[in-house]
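Okay, structure first, notes after.
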Amino acid sequence: GDSVTQMEGPVTLSEEAFLTINCTYTATGYPSLFWYVQYPGEGLQLLLKATKADDKGSNKGFEATYRKETTSFHLEKGSVQVSDSAVYFCALMGLVGTYKYIFGTGTRLKVLA
Amino acid sequence: GAVVSQHPSWVICKSGTSVKIECRSLDFQATTMFWYRQFPKQSLMLMATSNEGSKATYEQGVEKDKFLINHASLTLSTLTVTSAHPEDSSFYICSARGVAGAYRDEQFFGPGTRLTVL
């Protein structure tokens, strides 16, 4: 079945460092891919998405490119801030007609001042 | 647009009581709503898919009689945790998928409800 694999955290970075959180997926067909962010005690907020191969999603300085050849959707940011500290979830919506999401396990990011 | 609310945001109850959690799509109609459960420092686990006007579809291992789901309108779904026990303590998150356009192609998440059963 469909699945999402994320790099394990926690990831600890200094402010202004470069961030990469790896995400790879297994799916039949052509899933849509998402990155969500969850701040402590809150629900999920959509960070960015891509619906087809080679699409690049971007928002708030974060970027991710849908790479079908490597089945990846890695999240990147050039310069992280303390306020970026949160848990990041990669997800896919694959099964046609069900609109179900498959989530990765989440990666906790801690940015130090 | 695409705002989903949940009520209550947190609830504490005694063991053996039932708790109802509401999920509302505030500015769009949601044909499908999803209920997730999240344990501390873990990912979201899909519990069930709720379609307006029909019975919910539960994921394997989720007790239908314990987690009652009702999707009575295009803007409201409820999750009732019946005879709650401490092991039901968790963060419950709902999401909604809209009828058409961009609202149809992704899920919009509520802020979550933290349930603590004493």
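Chains as they are written, first to last, in the numbering used here: chain A, 1321 to 1433; chain B, -13 to 104.
From the three backbone atoms N, C-alpha and C, an ideal C-beta is built for every residue, glycine too.
Small disclaimer: the values here were computed from a predicted structure and weren't measured.
task: Consider the Cβ of B:R23: report whether some Cβ of chain A lies at a distance smaller than 8 Å.
output: no
message: Is there a C-beta anywhere in chain B that falls below 8 Å from the one on A:G1426?
response: yes
query: Mind checking whether A:Y1408 and A:T1391 have CB atoms under 8 Å apart?
result: no
- prompt: In chain order, which continuous runs of the beta strand (DSSP E) of length 3 or greater are located wholly inside the stretch 21 to 90 of chain B?
  reply: Listed in chain order, the beta strand (DSSP E) elements of length 3 or more contained wholly in the stretch 21 to 90 of chain B are 30 to 37, 53 to 59, 62 to 67 and 76 to 84.
field: Element boundaries [beta strand (DSSP E), containing A:A1370]
entry: L1364 to A1370
task: Measure from the C-beta of B:R10 to each C-beta in chain A and report whether the shortest distance is under 8 Å.
output: no
query: Helix or strand or just coil, what does DSSP make of B:S1?
result: Judged by DSSP in its simplified three-state form, B:S1 adopts coil rather than helix or strand.
message: Is the beta carbon of A:V1324 closer than 8 Å to that of A:A1384?
response: no
- prompt: Which of the three DSSP states, helix, strand or coil, is assigned to B:V(-11)?
  reply: coil
message: Strictly under 8 Å for the Cβ-Cβ distance: is B:E38 near chain A by that measure?
response: no
query: Leaving out five residues before and five after A:V1402 in sequence, what residues of the same chain have Cβ atoms less than 7 Å from its Cβ?
result: E1335, V1431 and A1433
query: Going by the CB atoms, is the gap between B:I7 and B:L65 shorter than 8 Å?
result: yes
query: Taking C-alpha atoms, which residue in B:V(-3), B:S11 and B:G84 lies nearest to B:V(-11)?
result: B:S11
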